[in-house]
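Take 16 as the starting number for the sequence shown in our numbering and just add one per residue.
A virtual CB, placed ideally from N, CA and C, is assigned to each residue, including glycine.
Notes follow once the structure below has been shown.
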Amino acid sequence: MARLDPHSYNDSTQPETETLDWKARVDFRTRRLHAEATLTLKEASAGPLDLDTRDLDIRGVVDAQGRPLPYILSPPEPILGSRLRIELPAGVKQLTVRYRTSPEASALQWLSPPQTAGGQQPFLFSQCQAIHARSVVPLQDTPRIRIRYRASLRVPKQLKSVMAASFVGREEHGVEAEEHYEMPQPVPPYLLAFAVGSLTSKELGPRSRVWAEPEALEDAADEFAGVDDMLKAAESLFGPYDWERFDLLLMPPSFPYGGMENPRLTFLTPTLIAGDKSLVNVVAHELAHSWTGNLVTNASAEHFWLNEGFTVFAERRILEALAGPEVAALHAALGRRSLDEALHHFRAHPQLTALRTHLSGVDPDEAFSQIPYEKGYLLLRALEDAVGRPTFDGFLRRYLAKYRFQALTTEEFVRFTEEELPGALAKVDADAYLNRPGVPESAPRPASARLEALEKLRGKVPTQADTKDWTPTEWQLFLESMPVDTAKDVFRELDAKYALTASRNSEVLVAWLVAALRAGFDAPLGRAEEFLGEVGRMKYLKPLYSVLASSRDHRKVARAAFEKHGARYHPIARQGVELILARA
């Protein structure tokens, strides 16, 4: 027996799944999916087959001829969920599990009409990363095992389902509609994704469209209008786009992430709609995942940096191609700031600040941070600097070609890099990035004239002449660098002069609220309370709840806000806020 992924019951001596046929009926009344999953294995093999499940109500397991197969559903473990062990007779290559999901399924969020933009229809969406697919489908929930799938979703006729797959067709049956999808490319289970709601779409280009509730569609289409240029820039850097379409879905406010890179249908937070396209770098990040993460995947959460470090590197190369090196440097500076904050946050758990982590007994959601993103980016930047951009670009293309539609470990990355770039890892002290806490002193640091200008204004009130050409990214950097002991009068003057409390840009607003409240300037407190009821994105919830909970005066405000709005947050976000409040 060999369990290669600490977050899966999958046993590497057992047969692997090749395809999934999934049928589900969406029941908004009971908040359940009534479903069946047919797994076709790569080879027939007698003996046990272990599947991952979480809170699934298993109704039965049968073979391809409908004959019952014996199974045992084990008691749940806190992180892994329950192992479903099915005994396979000789010659069985296909099996079907009939089941229903729990109303509290960790991958699903059911929204009532008042929680949507239109306020008339309910909404459902999935979020399977890192190990939540098992709460929707019984399967080998490890990115090591990629699967192709076909799916059929039965939904109320007045609603539309969308899925991270190719749309095949829709049939209507009385009060319900059945919509069919197919994913011809093999994907890791965490990329299974769908949504159901009052949805409509608008074309953005030959290979892309945006989906949204009707009330938000035009704003979304305007904000993301440049996605085709982004797609062309990415292909020029990393090779052909392998997923045919790059469609976008604007999510409800409770979506816990900035974006989720589901192939063919990227999910995006509505906090990106700033009215000036200033936050579309998130789209560049999710697009970059089409190569680094979706095409070449980490073998488990212990190697998460292989997904995210490469993707941040690719995102900034796309930004550089579209907007120039100064803009890319500004984003790298923001990234370094978020990395330093993450290192401070994990100071009691330094082992989680190495890129190659060991997570047996650790929930990947609790280990989640900016470290694999930004420290991974710095390692790749260091390698690029060491060997030169043309050489590194060639290396990156060969890496993507070799591991296309595969999963790999950090150790495999090291072996490949040693073969392709002999001596480069030692030259940049890669071991310090991969296996040691913190960030090496020699790590690359962003530099540009605009960054130098910002540094000179640290803690001061800039003039209109200083700020006339500032991007929102510069405002964010300026605000995040405000010293804690900055006088309250500085914050008062900043708000009077630049109306920061009224900013439409969520990144600028949160940077302002956190800096002001941390310094004891309470005038924006009411806006902070309001904002906690408007969004569900963890990137904003965590710093705002943290700064409120760290203040004796504002702790009650934080708890009252969570009591009022917590039910609207995604389960993953709710868990994160509960931890913050429990530690306060």
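**Counterpart residues of residue 169 in DSSP-defined beta bridges** = For the purposes of this step, residue 169 is taken as residue 154 along the sequence shown, with counting starting at 1. Paired residue(s): 40 and 193.
**Prompt:** Taking residue 148 as the reference, which of 126, 121 and 162 has the closest Cα?
**Reply:** Translated into positions along the sequence shown, residue 148 becomes position 133. Closest by alpha carbon: 121.
**residue 55: first and last residue of the uninterrupted beta strand (DSSP E) it sits in** = On the sequence shown, position 40 is the one that residue 55 refers to. 47-56 is the extent of the beta strand (DSSP E) around residue 55.
**Prompt:** What does residue 175 pair with, by DSSP beta-bridge criteria?
**Reply:** Sequence index remark: in the sequence shown, residue 175 carries index 160 (1-based). For residue 175, which the question treats as bridged, DSSP gives the partners 212.
**Request:** Please look up how many angstroms separate the CB atoms of residue 508 and residue 476, rounded, as I've assumed it's under 8 Å.
**Result:** If you number the sequence shown from 1, residue 508 lands on position 493. If you number the sequence shown from 1, residue 476 lands on position 461. That belief holds up - the Cβ atoms of residue 508 and residue 476 are roughly 5 Å apart, short of 8 Å.
**Request:** Would you identify the three-state DSSP class for residue 82, choosing helix, strand or coil?
**Result:** Within the sequence shown, numbered from 1, the residue matching residue 82 stands at position 67. Note: residue 82 maps to coil in three-state DSSP.
**Prompt:** DSSP three-state call for residue 406: helix, strand or coil?
**Reply:** The residue given as residue 406 occupies position 391 in the sequence shown. The answer is helix: DSSP assigns residue 406 an H, G or I state.
**Opposing strand residues paired with residue 164 [DSSP bridges]** = Taking the first residue of the sequence shown as 1, we reach residue 164 at position 149. DSSP lists 35 and 198 as partners of residue 164.
**Request:** Please state whether DSSP places residue 275 in a helix, a strand or coil.
**Result:** The residue given as residue 275 occupies position 260 in the sequence shown. DSSP places residue 275 in strand when its eight states are reduced to three.
**Bridge partner(s) assigned by DSSP for residue 590** = Here residue 590 corresponds to residue number 575 of the sequence shown, with the count starting at 1. Under DSSP, residue 590 forms no beta bridge with any residue.
**Asked** With a Cβ-Cβ cutoff of 7 Å, do residue 375 and residue 90 count as a contact?
**Response** The residue given as residue 375 occupies position 360 in the sequence shown. The residue given as residue 90 occupies position 75 in the sequence shown. Contact: no.
**Message:** Residues in the same chain with beta-carbon distance under 8 Å from residue 345, minus the five sequence neighbours each way, listed in chain order, please.
**Reply:** Counting from one through the sequence shown, the residue named residue 345 turns up at place 330. The answer, listed in chain order, is 461, 463, 465, 466, 486, 488, 489 and 492.
**Prompt:** Looking at residue 123 and residue 141, is the spacing between their C-beta atoms short of 7 Å?
**Reply:** Position 126 of the sequence shown, counted from the start, is the residue given in the question as residue 141. Position 108 of the sequence shown, counted from the start, is the residue given in the question as residue 123. Yes.
**Prompt:** Between residue 528 and residue 543, which are expected to be in contact by the criterion C-beta below 8 Å, what is the C-beta distance as a whole number of angstroms?
**Reply:** Here residue 528 corresponds to residue number 513 of the sequence shown, with the count starting at 1. Here residue 543 corresponds to residue number 528 of the sequence shown, with the count starting at 1. About 5 Å; that satisfies the 8 Å criterion.
**Message:** Measuring straight from C-alpha to C-alpha, what distance separates residue 311 and residue 81?
**Reply:** Reading the sequence shown from its first residue, position 296 is the one you call residue 311. Reading the sequence shown from its first residue, position 66 is the one you call residue 81. Here the C-alpha atom of residue 311 lies approximately 37 Å from the C-alpha atom of residue 81.
**Item:** Touch test, the region 290-299 against the region 319-338, Cβ-Cβ under 8 Å, three pairs minimum
**Value:** Because the criterion of three Cβ pairs below 8 Å is met, the region 290-299 and the region 319-338 touch.
**Buried or exposed (CB count within 10 angstroms, at least 16 for buried), residue 17** = Here residue 17 refers to the residue found at position 2 of the sequence shown. Taking a 10 Å sphere around the C-beta of residue 17, we find fewer than 16 other C-beta atoms and assign the residue as exposed.
**Item:** CB of residue 191 within 7 Å of CB of residue 185, strictly
**Value:** Here residue 191 is taken as the residue at index 176 of the sequence shown, counted from 1. Here residue 185 is taken as the residue at index 170 of the sequence shown, counted from 1. No; because the gap between Cβ atoms is not below 7 Å, this pair is not in contact.
**Message:** Taking DSSP's pairing of strands, which residues face residue 63 in a bridge?
**Reply:** Here residue 63 is taken as the residue at index 48 of the sequence shown, counted from 1. Residue 63 has 102 as its beta-bridge partners, per DSSP.
**Message:** Taking its Cβ as the centre, do 16 or more other Cβ atoms sit within 10 Å of residue 512, making it buried, or is it exposed?
**Reply:** Counting from 1 along the sequence shown, the entry for residue 512 is found at position 497. Answer is exposed; the Cβ neighbour count stays below 16.
**Asked** DSSP three-state call for residue 114: helix, strand or coil?
**Response** Within the sequence shown, the letter at position 99 stands for residue 114. Three-state result, residue 114: strand.
**Asked** Between residue 363 and residue 25, what straight-line distance do the alpha-carbon atoms span, to the nearest angstrom?
**Response** Along the sequence shown, one-based indexing puts residue 363 at 348. Along the sequence shown, one-based indexing puts residue 25 at 10. The alpha-carbon atoms of residue 363 and residue 25 are separated by roughly 31 Å.
**Prompt:** My guess is that residue 202 and residue 309 are in contact by the Cβ rule of under 8 Å, so how many angstroms apart are they, rounded?
**Reply:** Residue mapping note: residue 202 aligns to position 187 of the sequence shown, counting from 1. Residue mapping note: residue 309 aligns to position 294 of the sequence shown, counting from 1. Separation of the CB atoms of residue 202 and residue 309 is rounded to 7 Å, and the pair is thereby assigned contact status at 8 Å.
**Prompt:** So, residue 113 versus residue 169, is the Cβ gap smaller than 7 Å?
**Reply:** Here residue 113 refers to the residue found at position 98 of the sequence shown. Here residue 169 refers to the residue found at position 154 of the sequence shown. Contact flag unset, no.
**Message:** So, at 6 Å on beta carbons, what are the nonlocal neighbours of residue 521 in its own chain, with the 5 sequence-adjacent residues on each side left out?
**Reply:** Here residue 521 refers to the residue found at position 506 when the sequence shown is read from its first residue. Cβ neighbours of residue 521 beyond the five flanking positions: 286.
**Message:** Measuring alpha carbon to alpha carbon, tell me which residue in 469, 177 and 235 is nearest residue 349.
**Reply:** Start at 1 with the first residue of the sequence shown, and residue 349 comes out as number 334. It is 469.
**Request:** Could you say which of 380, 241, 320 and 258 lies nearest to residue 293 if we only look at CA atoms?
**Result:** Within the sequence shown, numbered from 1, the residue matching residue 293 stands at position 278. It is 241 whose Cα lies nearest to the Cα of residue 293.
**Asked** So residue 145 and residue 379 are in contact, right, with Cβ under 8 Å, and what is the actual spacing, rounded?
**Response** Along the sequence shown, read from residue 1 onward, the residue named residue 145 stands at position 130. Along the sequence shown, read from residue 1 onward, the residue named residue 379 stands at position 364. 4 Å between Cβ atoms; contact.
**Message:** For residue 418, tell me which candidate among 63, 351 and 314 has the shortest Cα-Cα distance.
**Reply:** On the sequence shown, position 403 is the one that residue 418 refers to. When each option's Cα is compared against that of residue 418, the closest is 314.
**Complete runs of the alpha helix (DSSP H) confined to the region 275-355 [at least 4 residues]** = 296-303 and 320-338
**Request:** Can you tell me which of the three DSSP states residue 359 falls into?
**Result:** The residue given as residue 359 occupies position 344 in the sequence shown. Of the three classes helix, strand and coil, the one that applies to residue 359 here is helix, per DSSP.
**Asked** Residue range of the beta strand (DSSP E) that residue 186 falls in?
**Response** Position 171 of the sequence shown, counting from 1, holds the residue named residue 186. Its beta strand (DSSP E) spans residues 181-188.
**Request:** List the DSSP bridge partners of residue 595.
**Result:** Looking up residue 595 in the sequence shown gives position 580. Paired residues: none, contrary to the question.
**Asked** Which full runs of the beta strand (DSSP E) of 3+ residues lie inside the region 388-441, going along the chain?
**Response** 421-423
**Prompt:** Where do the ends of the alpha helix (DSSP H) carrying residue 380 lie?
**Reply:** As a first step, residue 380 is located in the sequence shown; it is residue number 365 there, counting from the start. Residues 379-382.
**Message:** Please identify the residue among 161, 546, 566 and 392 whose C-alpha is closest to the C-alpha of residue 423.
**Reply:** For the purposes of this step, residue 423 is identified with residue 408 of the sequence shown, where counting begins at 1. With distances taken between Cα atoms, residue 423 lies closest to 161.
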